[in-house]
Amino acid sequence: MFLKNCWYVAGWPSELQGEGVVTRRILDQPVLMYRNSANEPVAFLDRCPHRLVPLSAGQRIGDQLRCGYHGMVFGSDGRCVHIPGQETIPRNATATTIPVVERHGIVWIWMGNAAADADLIPDLPWPALPNWEPSYGYTHMAADYRLITDNLLDLSHETYIHQGTIGNKDEETHAEYTGQ
20 MFLKNCWYVA
30 GWPSELQGEG
40 VVTRRILDQP
50 VLMYRNSANE
60 PVAFLDRCPH
70 RLVPLSAGQR
80 IGDQLRCGYH
90 GMVFGSDGRC
100 VHIPGQETIP
110 RNATATTIPV
120 VERHGIVWIW
130 MGNAAADADL
140 IPDLPWPALP
150 NWEPSYGYTH
160 MAADYRLITD
170 NLLDLSHETY
180 IHQGTIGNKD
190 EETHAEYTGQ
């Protein structure tokens with residue numbers, strides 16, 4: 020079970036360069052992303068609506084994606100624009116797009132069902148500040164995301180677990196801090 024109606028970090032803007040695509044698994048869903056010719060990030064559920072083959076197994080042609088199974092071509096808005104051997108394109112021939120926004124030097128994605136509201140993106144200006152050097156990269160952890168969140172939000176363990184790095188040794192512990 021995941022929190023879906025909120026913004027998640029999907030990647031760094033520098034990852035969405037060139038003519039390729041980036042694939043990720045976000046909230047246990049396969050996601051495909053790229054930057055279109057208008058320099059905007061685009062995200063799809065990485066599944067062709069026809070036979071559920073990963074769109075990433077196909078080919079990117081400019082702003083469009085060609086499925087590697089039957090050659091259906093989808094525009095960056097998800098609508099099918101070409102079906103080989105067929106002139107009529109059904110209205111429901113649409114790949115699932117996912118709201119994605121670039122803000123604060125981060126690519127954010129909305130995996131929820133409710134309408135995405137970019138005003139709900141957390142105010143994290145530091146990665147985009149000229150005097151701030153972000154640490155790009157990823158740390159993959161074989162752990163439930165709730166345990167990682169709990170670890171990052173519960174600083175009472177810092178004194179004891181992280182004695183040699185960020186722990187505060189003999190000073191007042193976070194667990195005993197009164198705010199005075």
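Each residue of the sequence shown is one higher than the one before, counting from 20 in my numbering. All C-beta atoms, glycine included, are put in the ideal place defined by N, C-alpha and C. Because the structure is a prediction, the values reported are computed rather than measured.
Where the alpha helix (DSSP H) containing residue i begins and where it ends
i, result
"G180", "According to the sequence provided, residue 180 is Ile. The question's Gly does not apply to it. Start and end: E177 to I180."
Extent of the continuous beta strand (DSSP E) run through residue i
i, result
"I167", "Per DSSP, I167 belongs to no beta strand (DSSP E); it is in the alpha helix (DSSP H), Y164 to L172."
"I125", "I125 to W129"
"R85", "Q83 to R85"
"A147", "Premise fails: A147 is in no beta strand (DSSP E) and is neither H nor E."
"V40", "Where V40 is concerned, there is no enclosing beta strand (DSSP E), given that its DSSP letter is neither H nor E."
Inter-residue spacing [alpha-carbon to alpha-carbon] between residue i and residue j
i, j, result
"P146", "L139", "18 Å"
"W129", "E121", "12 Å"
"V50", "I180", "35 Å"
"T116", "A76", "17 Å"
"Q48", "T42", "10 Å"
"T168", "M160", "12 Å"
"T178", "G37", "45 Å"
"T158", "V40", "21 Å"
"G87", "E59", "24 Å"
"I45", "G97", "19 Å"
"A162", "L172", "16 Å"
"A29", "D65", "14 Å"
Same chain, Cβ closer than 7 Å to residue i, five either side skipped, listed in chain order
i, result
"I108", "C99 and I102"
"P32", "E121, G124 and V126"
"L35", "V41, M52, Y53, R54, P60 and V126"
DSSP bridge partner residues for residue i (one or two, in chain order)
i, result
"H101", "V92"
"F63", "L51 and T116"
"T158", "Note: T158 sits in no beta bridge, so no partner."
"R79", "L84"
"I108", "Per DSSP, none; premise fails for I108."
"E121", "V126"
"G30", "V126"
Any chain D beta carbon closer than 8 Å to residue i
i, result
"W26", "Among the chains in the structure shown there is no chain D, since it carries only a single protein chain."
Same chain, Cβ closer than 6 Å to residue i, five either side skipped, listed in chain order
i, result
"Q78", "R85"
"N24", "G131 and A133"
Nearest-angstrom beta carbon gap, residue j and residue i [assumed within contact, 8 Å]
i, j, result
"P68", "A112", "7 Å"
"A5", "F63", "Lying outside 20 to 199, the shown extent of the chain, residue 5 is not represented and no answer is given."
"G94", "D82", "7 Å"
Cut-off 8 Å between Cβ atoms - residues of its own chain near residue i, not counting five sequence neighbours on either side
i, result
"I80", "V92"
"I185", "E177"
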